[in-house]
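Student:
Numbering (our numbering), first residue to last: 120 to 299.
#1: Reducing DSSP to helix, strand and coil, say where residue 217 ends up.
#2: Per DSSP, what kind of secondary structure is residue 246 in: helix, strand or coil?
#3: Whole angstroms is fine: what's the gap from residue 181's alpha carbon to residue 282's?
#4: Need the endpoints of the alpha helix (DSSP H) that residue 276 sits in, please.
#5: Can you name, in chain order, every residue of its own chain whose Cβ lies under 7 Å from the Cβ of residue 266, other than the five neighbours on each side?
#6: Just verifying my parser: in three-state terms, what is the DSSP assignment at residue 145?
#7: What is the residue span of the alpha helix (DSSP H) that residue 260 lies within?
#8: Just the C-alpha distance for residue 279 and residue 294, rounded to the nearest angstrom, thanks.
#9: Applying the criterion that 16 or more other CB atoms from any shown protein chain within 10 Å of the CB defines a buried residue, is residue 292 buried or exposed?
#10: Is the beta carbon of residue 232 sitting closer than 8 Å to the one on residue 192?
#11: Is it the case that the Cβ atoms of residue 247 and residue 238 are separated by a distance below 8 Å?
#12: Specify the secondary structure class of residue 203 as computed by DSSP and reduced to three states.
#13: Is the stretch 173-190 touching the stretch 207-221 in the sense that three or more CB pairs, one from each, lie closer than 8 Å?
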């Protein structure tokens, strides 16, 4: 009997998929770094993955309203990236009316845990005066908090602020540091 490489690959894939669900193959708590994952956390991870899929249209029809609903559901449980994405969607008016105040509300929740993308986005809002009074000094402070964590867009904006003297004392050496 002659087997093709394609058949062997299919059989091996089916075998690996079916055996991965056997109880004897469960991961132990030590492989999870002694972290216990609750059913609620698993549901939140699943909801976050669904929200991301609906947001991007990856594998499902893109649906911003459904994505926002799922992001908010997970965000209320403290998921930082979901809090940030809810803020992004309100900022852009995706799946809802554009609402800078709600955007700031969700960014601030993520800021409680120093989430760099939310710090950056709040800096953008202060730079542009969207939902808050335009204030380059406050924007620079948020960019710096994000930049220190290695968030490249914040590093670029902070470098630009130092180059142009926006919200900070103009300093080309410091600007170059952030541009590198």
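In this text, a Cβ means the ideal position worked out from N, Cα and C, and glycines have one as well.
Tutor: This is what the structure holds:
#1: Position 98 of the chain shown, counting from 1, holds the residue named residue 217. Three-state result, residue 217: coil.
#2: As a position in the chain shown, residue 246 is number 127, starting the count at 1. Of the three classes helix, strand and coil, the one that applies to residue 246 here is helix, per DSSP.
#3: Start at 1 with the first residue of the chain shown, and residue 181 comes out as number 62. Start at 1 with the first residue of the chain shown, and residue 282 comes out as number 163. Each residue's Cα considered, the two are about 40 Å apart.
#4: Walking along the chain shown from the start, residue 276 turns up at place 157. Where residue 276 is concerned, the enclosing alpha helix (DSSP H) stretches over 271-283.
#5: Within the chain shown, the letter at position 147 stands for residue 266. These residues qualify, in order along the chain: 273, 274, 277, 297.
#6: Here residue 145 corresponds to residue number 26 of the chain shown, with the count starting at 1. Reliability fails at residue 145, whose pLDDT of 39 lies under 50, so the model's placement of it is uncertain and the value that follows must be treated cautiously. Residue 145: coil per DSSP, three-state reduction.
#7: Locating residue 260 in the chain shown gives position 141, where the first residue counts as 1. Per DSSP, residue 260 belongs to the alpha helix (DSSP H) from 255-267.
#8: Within the chain shown, residue 279 is the residue found at index 160, counting from 1. Within the chain shown, residue 294 is the residue found at index 175, counting from 1. For residue 279 and residue 294, the distance between alpha carbons rounds to 7 Å.
#9: Along the chain shown, one-based indexing puts residue 292 at 173. With fewer than 16 other Cβ atoms within 10 Å, it is exposed.
#10: Translated into positions along the chain shown, residue 232 becomes position 113. Translated into positions along the chain shown, residue 192 becomes position 73. Contact flag unset, no.
#11: In the chain shown, counting from the first residue as 1, residue 247 sits at position 128. In the chain shown, counting from the first residue as 1, residue 238 sits at position 119. Not a contact, by the Cβ cut-off of 8 Å.
#12: By 1-based counting over the chain shown, the position of residue 203 is 84. Three-state result, residue 203: helix.
#13: yes
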